[in-house]
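Enquirer: Below you will find the structure I want to go over with you.
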Amino acid sequence: MVITNFTPLQSAAGGALIGLSAVLLLLFSGRIAGIIGILRRALLPAAGSRPLEAAAFLGGLIAAPLLWPPLTGEAVRQTVSSNLPLVAVAGLLVGFGSVWANGCTSGHGVCGLSRFSIRSLVATLTFMAVAIATVFITRHVLGS
Amino acid sequence: MRVFLNFLAGLIFGIGLIASGMADPSKVLNFLDFTGTWDPSLAFVMAGAIAVTSVGYALVQRRAKPVLENQFQIPAKWPVDARLVLGSAMFGLGWGLGGFCPGPAITALPLAAPGTLVFVPAMGIGIAAAVHLLRRSPTTTDG
């Protein structure tokens, strides 16, 4: 288990950038900055889903860690689980569940709450509660 | 222009994920671990993001239409149904197991950690399976 430092200022500033991105996307394209919706539009396009624009957004996400070190002089800090079977199950659940719920942390948690959507409030409370319970069980009951 | 602006929005989003710590699964898991190594930082990510988005959205929605399109595509706020709750619960379980949600997972791709290279294709399979099942009853998306 990796201990991480409390970083309120950097975290709030990073959150503000996420918000800026969401506002720009609504202003220019009229769309919600929900990553699962964008992934779905790029991977499995339907009528009107504009897969090229969705892929360009994902390209921007992928470019970010490449530009981060030259921009800031810092490496990207990241620790990903090396329990690969667990990570595979997590990926399946995240992909299936967020399509099933029509949104993930960004679409419901940021964009949905910002437009006072009841659906997004229920979604956010549900996934937060289940994620907290999951971490409690895996770390403190099963002790992995 | 549309493609470039989407790239730019994605880049700003990705820089925000890295700057905030949201792109680090260990930080996400510590945020979710109230009774252990709790790191409250991600509450500040949500607060910063919602502060900017709620004000920006209110201003943008005064416009009759977006700058480059003829209409806004805003999901319905209601009703709450079983599918929403079930999907969110599955997503929360996966998020709590891996510490990754979709945006950070895509942003992590170039760093090529083995866990990321397993998580992202698995997420793709989950997306494809859900879309396949949903195409029997098409609906709109909240994002």
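Chains as they are written, first to last, in the numbering used here: chain A, 954 to 1097; chain B, 829 to 971. The C-beta atom is built at its ideal place from N, Cα and C for all residues, glycine as well. If you're wondering where the values come from, they're calculated on a predicted model, not measured in any experiment.
Looking at the secondary structure, which residues open and close the alpha helix (DSSP H) in which Pro942(B) lies?
Expert: Locating residue 942(B) in the second sequence gives position 114, where the first residue counts as 1. Unbroken alpha helix (DSSP H) run through Pro942(B): Pro942 to Leu962.
Enquirer: Check the Cβ-Cβ distances between Val1096(A) and every residue of chain B, and say whether any is below 8 Å.
Expert: The residue given as residue 1096(A) occupies position 143 in the first sequence. In the sequence as displayed, the identity of residue 1096(A) is Gly instead of Val. For Gly1096(A), the answer is no, since every Cβ of chain B falls outside 8 Å of its Cβ.
Enquirer: Given a threshold of 16 other Cβ atoms within 10 Å of its Cβ, counted over all protein chains shown, does Lys855(B) qualify as buried or as exposed?
Expert: To locate residue 855(B), count along the second sequence from 1; it is residue 27. Result: buried.
Enquirer: Just the C-alpha distance for Asn858(B) and Pro998(A), rounded to the nearest angstrom, thanks.
Expert: Within the second sequence, numbered from 1, the residue matching residue 858(B) stands at position 30. Within the first sequence, numbered from 1, the residue matching residue 998(A) stands at position 45. Near 36 Å, if we compare the C-alpha coordinates of Pro998(A) and Asn858(B).
Enquirer: Check Leu925(B) in the structure and name its three-state DSSP category.
Expert: To locate residue 925(B), count along the second sequence from 1; it is residue 97. Residue state, collapsed to three classes: helix.
Enquirer: I need the DSSP call for Pro998(A), collapsed to helix, strand or coil.
Expert: Residue mapping note: residue 998(A) aligns to position 45 of the first sequence, counting from 1. If DSSP states are grouped into helix, strand and coil, Pro998(A) belongs with coil.
Enquirer: Which residue comes first and which comes last in the alpha helix (DSSP H) that contains Ser1034(A)?
Expert: Residue numbering aside, residue 1034(A) sits at position 81 when the first sequence is read from its first letter. Ser1034(A) -> no alpha helix (DSSP H), and no H or E assigned at all.
Enquirer: Rounded to whole angstroms, how far is the Cβ of Ala933(B) from the Cβ of Val946(B), which I believe are closer than 8 Å?
Expert: Within the second sequence, residue 933(B) is the residue found at index 105, counting from 1. Within the second sequence, residue 946(B) is the residue found at index 118, counting from 1. That pair is no contact at about 10 Å.
Enquirer: Out of curiosity, what's the CA-to-CA distance linking His1061(A) and Val883(B)?
Expert: Numbered from 1 along the first sequence, position 108 holds the residue referred to as residue 1061(A). Numbered from 1 along the second sequence, position 55 holds the residue referred to as residue 883(B). So the alpha carbons of these two residues sit roughly 16 Å apart.
Enquirer: On the three-state DSSP scale, how would you describe Cys1057(A)?
Expert: Sequence index remark: in the first sequence, residue 1057(A) carries index 104 (1-based). Cys1057(A): coil per DSSP, three-state reduction.
Enquirer: At what residues does the alpha helix (DSSP H) containing Pro932(B) begin and finish?
Expert: Translated into positions along the second sequence, residue 932(B) becomes position 104. First-last of the alpha helix (DSSP H) with Pro932(B): Pro930 to Thr935.
Enquirer: Starting from Met1081(A), follow the alpha helix (DSSP H) in both directions and report where the run begins and ends.
Expert: Taking the first residue of the first sequence as position 1, residue 1081(A) is located at position 128. Ile1071 to Phe1089 is the extent of the alpha helix (DSSP H) around Met1081(A).
Enquirer: Does the structure place the segment 845–854 of chain B close enough to the segment 1068–1077 of chain A that three or more beta carbon pairs sit under 8 Å?
Expert: Contact fails: fewer than three Cβ-Cβ distances are below 8 Å.
Enquirer: Which chain A residues sit within Cβ distance under 7 Å of Arg911(B)?
Expert: Numbered from its first residue, the second sequence carries residue 911(B) at position 83. Chain A residues near Arg911(B): Trp1053.
Enquirer: In terms of residues, what are the limits of the alpha helix (DSSP H) holding Gln963(A)?
Expert: Position 10 of the first sequence, counted from the start, is the residue given in the question as residue 963(A). Looking at the DSSP string, the run of the alpha helix (DSSP H) that includes Gln963(A) is Pro961 to Ser982.
Enquirer: What does a CB cutoff of less than 7 Å around Ala995(A) pick up in its chain, not counting 5 residues either side in sequence?
Expert: As a position in the first sequence, residue 995(A) is number 42, starting the count at 1. Cβ neighbours of Ala995(A) beyond the five flanking positions: Pro1004, Ala1007, Ala1008 and Leu1011.
Enquirer: Taking only beta-carbon positions, decide if Arg830(B) is within less than 8 Å of chain A.
Expert: Taking the second sequence and counting its residues from 1, the one referred to as residue 830(B) is at position 2. Closer than 8 Å to some Cβ of chain A, the Cβ of Arg830(B) qualifies, so yes.
Enquirer: On a CA-only basis, which of Phe1069(A), Pro1018(A) and Ser1070(A) is nearest Gly931(B)? Give me that one, please.
Expert: Taking the second sequence and counting its residues from 1, the one referred to as residue 931(B) is at position 103. Per the Cα distances, Pro1018(A).
Enquirer: Give every residue of the same chain whose Cβ lies closer than 8 Å to the Cβ of Val1047(A), excluding the five residues on either side of it in the sequence, and list them in chain order.
Expert: Position 94 of the first sequence, counting from 1, holds the residue named residue 1047(A). Correct list, in chain order: Cys1057.
Enquirer: Assuming Val888(B) and Leu979(A) form a contact by the criterion Cβ under 8 Å, report the distance between their Cβ atoms to the nearest whole angstrom.
Expert: The residue you call residue 888(B) lines up with position 60 of the second sequence. The residue you call residue 979(A) lines up with position 26 of the first sequence. Their Cβ separation, rounded to whole angstroms, is 5 Å, which keeps Val888(B) and Leu979(A) in contact under 8 Å.
Enquirer: Whose C-alpha, out of Phe862(B), Met874(B), Leu961(B) and Ala957(B), is nearest the C-alpha of Ala1084(A)?
Expert: Position 131 of the first sequence, counted from the start, is the residue given in the question as residue 1084(A). Ranking Phe862(B), Met874(B), Leu961(B) and Ala957(B) by Cα distance to Ala1084(A) puts Phe862(B) first.
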